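Chains G and Y, in that order, give the protein sequences.
All residue numbers for the first sequence refer to the working numbering, where the first residue is 1 and numbers rise by one.
All residue numbers for the second sequence refer to the working numbering, where the first residue is 1001 and numbers rise by one.
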Amino acid sequence: MSTENEWPLWEVFVRTKAGLDHKHCGSLHAADPKMALQMARDVYTRRQEGSSVWVVRSDQIVASDPGDKDMLFDPAEDKVYRHPTFYKLPDSVDHM
Amino acid sequence: MYTQAMDTLREEGGDKPPLRTAEEAQLQQRFDNRIDAGEFIEAKDWMPENYRKTLLRQISQHAHSEIVGMLPEGNWITRAPTLKRKAILLAKVQDEGGHGLYLYAAAETLGTSRDQMLDALHTGKAKYSSIFNYPTLTWADVGAIGWLVDGAAIMNQVPICRCSYAPYARAMVRICREESFHQRQGYDSLLVMMKEGTEAQRAMVQEAVNRWWWPCLMMFGPPDDQSPNSAQGMRWGIKRVSNDTLRQKFVDAAMQQAEVLGVSFPDPDLRWNEATGHWDYGKIDWSEFWRVVGGEGPCNRERLAARVKAWEEGKWVREAALAHARKSDLKEAA
């Protein structure tokens, strides 16, 4: 069955309150940006979950390939010195 | 609401189709290991074809159930007895629409389109929960649906929050969070009628409970020894708790709630079993269940006809919105 007459898919990001990040919370179909925003409001913030909403066309998102997961993220695995806990300091100055 | 143990539909083939290549065997092995380790599977990860098919069927049928489930209650929005109950019912029915959307979106990640799923519903190829093929005859039915139908749905749905397929699990977490209001508002509305109502209102509540009790028990699906796909569902981490276990949990919880409410259930065999620590209940009429699933329930035709009508009559709106968007894009580009 043809899907070319389906409204395009949008990803929805909601900021729960000022000062926090926008967080991905789901997706929806809408014909245009204005409708996508209105529907995101109706679907994802019915209980005051949001103070700001972003919508992005799903086909505009560039994502990493799950198959490349090891190649992309393994190099960070052996770099424990990037964490503050790697450094053992004397108790008296350990709050540093 | 509203999944039903949809492994009732037996069209699924064997669990392990012959593997074609060594590479595929390796992928399968890696997949099995991830499931065993309790890891989540994401949309773009490799998965066995039957895992995909089973999930697609279950999630889309779950989504259809949410949408069809708007109809029996929507029937009472204009006739709710007070403005408060009308606002509550509107909010609840709107939630069900939202739940349908979360679930359709989860199903779409498995590589099918919304239109394909709707087409399967409208042509009768896809099922939805049999409970919605029963009518809402009185206002007490709205309360009984909230208390018992949503109550049964919550029992069913909470374990799916830990489903191995992450998009489904995420949708379920959101749904379960919103669902408990549904059960509480139903119970609350029945409680008002039982405690402050007239004799006729109390009788109306009992009559509604009598009609919904057995169909609610059927929502958990056939007994474990007649659920051939359950074992595979468990193996894949799609199903976490067996039909009979969930059903028993529901009966135990409902018995206490019924006592507070002051209603009884239409089952002479209900009695406390000291040895098991559970309530024993009578035999479920599975022939009724299969009849309703098969299309012969009181409202099957009406429900499907309402969905098809809404879809067809909304066609020009969908097309106009799309045409408008395309025209605006062209204008912007020019």
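Every residue gets a Cβ at the ideal spot worked out from N, C-alpha and C, and that includes glycine.
Small disclaimer: the values here were computed from a predicted structure and weren't measured.
Around the beta-carbon of Ile-1154(Y), 16 or more other beta-carbon atoms lie within 10 Å, marking it buried. The C-beta distance from Val-53(G) to Thr-45(G) rounds to 7 Å, short enough to fall under 8 Å. A residue is called buried once 16 or more other Cβ atoms fall within 10 Å of its Cβ, and Tyr-1134(Y) is buried on that count.
At a cut-off of 8 Å, the C-beta of Glu-6(G) has a neighbouring C-beta in chain Y. Val-1251(Y) and Ile-1175(Y) have their C-alpha atoms some 22 Å from each other.
With respect to the C-alpha of Cys-1299(Y), the residue from Lys-1053(Y), Ser-1130(Y), Ser-1060(Y), Gln-1029(Y) having the closest C-alpha is Ser-1130(Y). Annotation: Trp-7(G) is outside any beta strand (DSSP E) and is labelled neither H nor E by DSSP. For Gly-1277(Y), no alpha helix (DSSP H) run applies, since DSSP gives it neither H nor E. Between the segment 1060-1073 of chain Y and the segment 1235-1253 of chain Y there are fewer than three inter-stretch CB-CB distances shorter than 8 Å, so the stretches are not counted as touching.
Residue state for Val-1317(Y) is assigned as helix, using DSSP reduced to three classes. Closer than 9 Å at the C-beta level to chain Y, one finds these residues of the segment 54-85 of chain G: Ala-63, Asp-65, Pro-66, Gly-67. Between Asp-1267(Y) and chain G, the shortest Cβ-Cβ separation is not below 8 Å.
In the DSSP assignment, Val-53(G) is bridged to Val-14(G).
Secondary-structure assignment with DSSP links Arg-1271(Y) through a beta bridge to Asp-1280(Y). Tyr-1128(Y) carries a coil assignment under DSSP once its states are collapsed to helix, strand and coil. For the C-beta of Asp-1036(Y), not a single chain G residue is nearer than 7 Å; the gap to the nearest is close to 19 Å.
Within chain G, no C-beta atom comes less than 8 Å from the C-beta of Ser-1065(Y); the nearest is roughly 18 Å away.
Pairwise C-beta distances place the segment 1164-1178 of chain Y out of contact with the segment 1256-1264 of chain Y, as fewer than three of them are shorter than 8 Å. Taking 8 Å as the cut-off, the Cβ atoms of Ser-1180(Y) and Val-1142(Y) do not count as close. Around Asp-59(G), the same chain offers Pro-8, Leu-9 as residues with beta carbons nearer than 8 Å, after the five sequence neighbours per side are excluded. The segment 60-77 of chain G makes no contact with the segment 35-42 of chain G, as fewer than three CB pairs between them are under 8 Å. Within the model, the alpha-carbon separation for Val-1209(Y) versus Ala-1144(Y) is close to 6 Å.
Collapsing the DSSP output to three states places Cys-25(G) in a strand.
About 7 Å separates the CB atoms of Phe-1220(Y) and Asn-1156(Y); that is less than 8 Å, so the two are in contact.
Between the segment 20-32 of chain G and the segment 1090-1108 of chain Y, the count of C-beta pairs closer than 8 Å reaches three or more; the two stretches touch. In the three-state reduction of the DSSP assignment, Tyr-1165(Y) falls in the strand class.
Residue-level contact by beta carbon holds for Val-43(G) and chain Y, with a gap shorter than 8 Å.
Burial of Glu-11(G) is indicated by the presence of at least 16 other C-beta atoms within 10 angstroms of its C-beta. With 16 or more neighbouring CB atoms inside 10 Å of its own CB, Asn-1229(Y) falls in the buried class. Per DSSP, the continuous alpha helix (DSSP H) segment holding Asn-1243(Y) begins and ends at 1243-1261. By DSSP's assignment, Ile-1041(Y) forms a beta bridge with Tyr-1165(Y).
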